[in-house]
Amino acid sequence: MSKTHDALSLSYEEWNRILTGELELPRYRADQICQWIYQKKVFDFAEMTNLSKELREKLPASFTLFPPMIIKEQASKDGTRKFLMQLTDGEKIESVLMDHGSHSTACISSQVGCPLGCSFCATGIAGFVRNLTAGEIAGQFLAMEKRLGKDINNAVFMGMGEPFLNTDNVLAAILALSGPKMRNLGARHIAVSTSGIVPGIIDLSNFEVPVRLSVSLHAPNDALRSKLMPVNRKHSLESLMDALRKYQERTGERITFEYVMIDKVNDSADNAYELTSLLQGMGAYVNVIPYNPVTEKYARSGEARIKEFCAILTKYRIEHEIRREKGADIDAACGQLRVKDV
Ligand code: SAH
Ligand code: SF4
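Numbering (my numbering), first residue to last: 3 to 344.
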């Protein structure tokens, strides 16, 4: 009796190994099954009509195939959609879809909640339950594509959770989404965002799929960063910047830095000067993000302060843009994900 595999967690190589080994099937069966799942979004073996009836009946004994189930959908005025998804153990997560016609992006979660407790983030404030499996991560993307009825072009790991506290499963999900015989999503269309977990950055620099990397920086010195992001006490700015420089040496990649503008907390001219000297000489791109209020403690920086901050970045030739929020009216913008009402 073979053991049951979680179908959505498998890479193409693993499909092949299991089907040709344990089940003694020809190789092309892996191609067929992956095509049903990743191209046609069919999640029931019984519907895979180019497999023999006998095989269709046999597969459920060896594989479970349960993508997260969409149980609620909210649509924002700007076209952003937020999905509440239920997992097989009853836990719930949120995923977001930004659909602008030919350009669409799925924002996917890597954990149920997040243990890192950044003081400005709704996910962090709500606490942590568990890591997601690779199948639950890749499955969010597939469930949204099925719902949308067309391909989504980009995947960003910017939903709930810290991807590099769940690195193995996140990388396995990336293999499934990017595999040529799987979903075949281009590596340049996948971005991972981290709060600055050094071992995860090193793992990513050695990973075979050259996805993009974003770092949630939010403060240019250790004292302020540790206050906003407790993870900084474990991985200081110096160790973070060292790891990022090594990552760049290995991959030649530019790094995006997220910097959320919180009124009179991290948005002064001094903060901007410090930020420019921290990033000087790096291939850095800064996303300046007006804060989405999720706690009474903090407010969004005013336009004038954001302008002044950016003017300093411009003066020192730090490339940047101000990223306008999407989906704030349905709590789907950055840092607003939290499962609250069910
Ligand atoms: N844990 C990872 C992935 C989550 S990405 C990380 O922190 O990078 C979510 C992004 O939204 C991060 O850049 C996070 O810092 C940012 N964010 C969190 N709370 C926010 C808020 N209230 N307003 C704007 N951005 C926020
Ligand atoms: Fe976790 Fe990222 Fe939110 Fe911090 S910003 S609490 S690391 S999800």
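A virtual CB, placed ideally from N, CA and C, is assigned to each residue, including glycine.
Since residue i is in the beta strand (DSSP E), which residue starts that stretch and which ends it?
i, result
"residue 100", "94-102"
"residue 345", "Missing from the structure shown is residue 345; the chain here goes from 3 to 344 and no further."
"residue 180", "No beta strand (DSSP E) holds residue 180; the alpha helix (DSSP H) holding it covers 169-180."
"residue 120", "Residue 120 -> no beta strand (DSSP E), and no H or E assigned at all."
"residue 39", "Per DSSP, residue 39 belongs to no beta strand (DSSP E) and is neither H nor E."
Given a threshold of 16 other Cβ atoms within 10 Å of its Cβ, counted over all protein chains shown, does residue i qualify as buried or as exposed?
i, result
"residue 278", "buried"
"residue 237", "buried"
"residue 251", "exposed"
"residue 322", "buried"
"residue 48", "exposed"
"residue 28", "exposed"
"residue 115", "buried"
"residue 84", "buried"
"residue 185", "buried"
"residue 40", "buried"
Taking the alpha helix (DSSP H) that residue i falls in, what are its first and last residues?
i, result
"residue 115", "Unbroken run through residue 115 is the beta strand (DSSP E), 113-115; no alpha helix (DSSP H)."
"residue 201", "200-207"
"residue 149", "136-150"
"residue 110", "Segment: none, residue 110 is in no alpha helix (DSSP H) and carries neither H nor E."
"residue 323", "From DSSP, residue 323 is part of no alpha helix (DSSP H) but of the beta strand (DSSP E) over 321-324."
"residue 273", "271-281"
"residue 312", "305-317"
"residue 385", "This structure cannot speak to residue 385, because the chain is shown only from 3 to 344."
"residue 233", "233-236"
"residue 18", "14-19"
Can you tell me the Cβ-Cβ gap for residue i and residue j, rounded? I've got them flagged as a contact below 8 Å.
i, j, result
"residue 125", "residue 87", "About 15 Å separates the two Cβ atoms, so there is no contact after all."
"residue 219", "residue 261", "6 Å"
"residue 94", "residue 341", "5 Å"
"residue 214", "residue 193", "4 Å"
Name the DSSP beta bridge partners of residue i, please?
i, result
"residue 8", "66"
"residue 194", "159, 215"
"residue 86", "74, 96"
"residue 130", "115"
"residue 261", "290"
"residue 247", "According to DSSP, residue 247 bridges with nothing at all."
"residue 302", "264"
Neighbouring residues (CB closer than 5 Å to any heavy atom of the ligand SAM)
Inclusion of the ligand SAM in the displayed structure is not the case, the ligand content consisting of the ligand SAH and the ligand SF4 alone.
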